[in-house]
Structure formats: C-alpha cells, structure tokens
Amino acid sequence: MSTSAQQQRLSRTRIEQQRDQALRDLLELEQQVRAGEVPPGPAAELSRRYERTAAEALALLDGTQTVGEAVPRRGMTWRAVVYGVGGVAALVALVVVLPPALQERPDGGFVTGNEVTQVDPAPQPTSSTPGRDLSKVSDEEMERVVAANPEIVGMRLALAERYRSQGEFDKAVPHYREVLDREPDNAEALASLGWILLMLEEPVEAARLADQALQRDPALPLGWWLLANVRLYGQDDPDGAIEALQRMQELPLEPEVQGQAAALEQEARALAVPGSGE
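Structure below.
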C-alpha cells in the first residue's frame, strides 16, 4: 500500500472514530437528561455540538467532502451500532456489510447476506476510557435518539440495519423509507430495502430497487450482491447472476468477500450449465 493510501486509510479511520464518539455522546446525553443529570439548557447546546460533529463526519464518509478536510477531535471508538457485536452501517471503502438474513440456506433458497461480510483487517484503537458499550444499548433507546435527531441519517440507517439483522423487517422498513424521503438517492437504503423485499419473495420489486441503487452508486457491493441473488433465485437467471457477481468482483473487496462472491458465481455457473460446477 502506498504512503498516500495509508494516510488516507488512517484519516478515514480517525473520521470514523469521530463519528462514532459523537453518536455515543448523543446516546449518553439522552440518558443523562432523562436521569436529570444535565439541565435542559446545557443539554441542548451539547446535543447541537454532538449533532454537528456527527453530521460533519458522516458527510466526509459519504464523500460529500474530502478526507483531508477532516479534523478529528477524539481518539476513541466503538464498533457495535449495527448488529450489537461488530460492524457499522455505511463504512465507506473500509467495511462492507452485506445484507444479513437466515443463518442457513435450504436447497434452492436464497444466499444469505451473512455469508458475505467484509471486516476491516486493521485492529481498531481502543478507548482510553471504557465509555458505554453500545452493544447493550436497547432498540428503544436508539429509537429515542433517532427521533430526537432525525437529520442524522447515518444513525437511522444503523438502527434500520439492526432491525434487519434481527429479522424485524416491519420495524426496519419505516426507517429505510424515512431515509429515502430525506435522501431519495441513498443507494444503501435502496439496496437494503430491496434485500428485505427479496426475503419476502418480491423479486420484481427487489430487482427494481437493486437497479436504482446501482444507478446511483455503481461501486456499491451490496447492490451487486442483491442483484445477483435476485437474478439467481428470484428470476432463474444464472447468467445474469454471473454478470452481476463479476461486476462485484471488479470492486476493491477484501479476500473473504471475493471468496464468497466467487463461490456464488460457481454455484450460478453450475445452474447455468448442469455439471459444470466441479
């Protein structure tokens, strides 16, 4: 890896830490206000500061600004917003979380998103103070924070991803819809909603959302993964699935993700030409 690439990776890691800390601060502030530990006036000022910090970091990670403009303010991190045990929604370039579904796939069933999860190979810095473990933050607490900070789309996506990973599609869908009301071109929300529709055996609508997501962000692995599954299992089109997987594998994926995409491609080839999967 070149020096400039290493510097960019480190800069992005610091921005992620900045974002994560700001979101954690919002959660902790909400608890302190409820407990009467922080008066309303100071709480409002702190909330605005944390919201601004989180929004700036999210804008950087979404690519609306350049990484070089970031000025990280903190050096602590947490990694448990989405599933409670690891992975963060919308980690741009470093972490790709493909859609979770069933742990096992029956014969002829859908390939699950749990089979393809890219994780950051570099260990994350640890906090100098333990802070609050967000894996123990309840859905209800996150709902309150999201309701109090509707403009922070990244946190709403994180909550939606948590619900989706738990199979609570009825709770996830309204949050994805709200994201799309605010950001109609949000490719991650489009693809995530498409995955839910595929799980609900609505391949036509899932395909439409996959196409829309990829039109907006052709470099979104989640979009290609969704499209491949739609074509292979929803449309009985293994050739189309192979094409989508090949496009996905052209992206800068980690070896584990490349391996899962290659495995699904091999399965698709076996279905396209019986007996060729050996």
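In UniProt numbering, the protein residues as written are 1 to 278.
Virtual Cβ for every residue (Gly too), placed ideally from N, Cα, C.
Here the structure is a predicted model, which means the values were calculated and not measured.
For L251, the secondary structure class from DSSP, reduced to helix, strand or coil, is coil. Secondary structure remark: continuous alpha helix (DSSP H) runs of at least 4 residues inside the UniProt repeat "TPR" (153 to 186), in chain order: 153 to 165 and 169 to 182. Apart from the 5 residues on each side of it in sequence, L197 sits with its Cβ closer than 6 angstroms to the Cβ of E205 and A206 in its chain, given in chain order. A direct Cα-Cα distance of roughly 29 angstroms separates Q246 from Q166. Look at G223 here: in three-state DSSP terms it is helix. Bounds of the alpha helix (DSSP H) holding A207 are P203 to R216.
In the structure shown, the three-state DSSP call for G41 is helix. Under the DSSP assignment, R144 falls in the alpha helix (DSSP H) whose first and last residues are D139 to A148. Annotation: E56 to E267 spans about 43 angstroms, alpha carbon to alpha carbon. Taking L209 as the centre and dropping the five residues before and after it, the same chain places the C-beta of L190, A191, L193, G194, L197 and L226 closer than 8 angstroms to its C-beta, in chain order.
Taking 8 angstroms as the cut-off, the Cβ atoms of E143 and L157 do not count as close. In the assembly as shown, G223 is a buried residue. Its beta-carbon has 16 or more other beta-carbons within 10 Å. Only residues of its own chain outside the window of five on either side were considered, and among them L27 have a CB closer than 7 angstroms to the CB of V137, listed in chain order. Counting only the Cα atoms, P39 lies some 25 angstroms from Q18. DSSP, read as helix, strand or coil, puts A35 in coil. Straight-line measurement puts the Cα of P42 at about 56 angstroms from the Cα of I242.
Around the beta carbon of E188, 16 or more other beta carbons sit within 10 angstroms, so the residue counts as buried.
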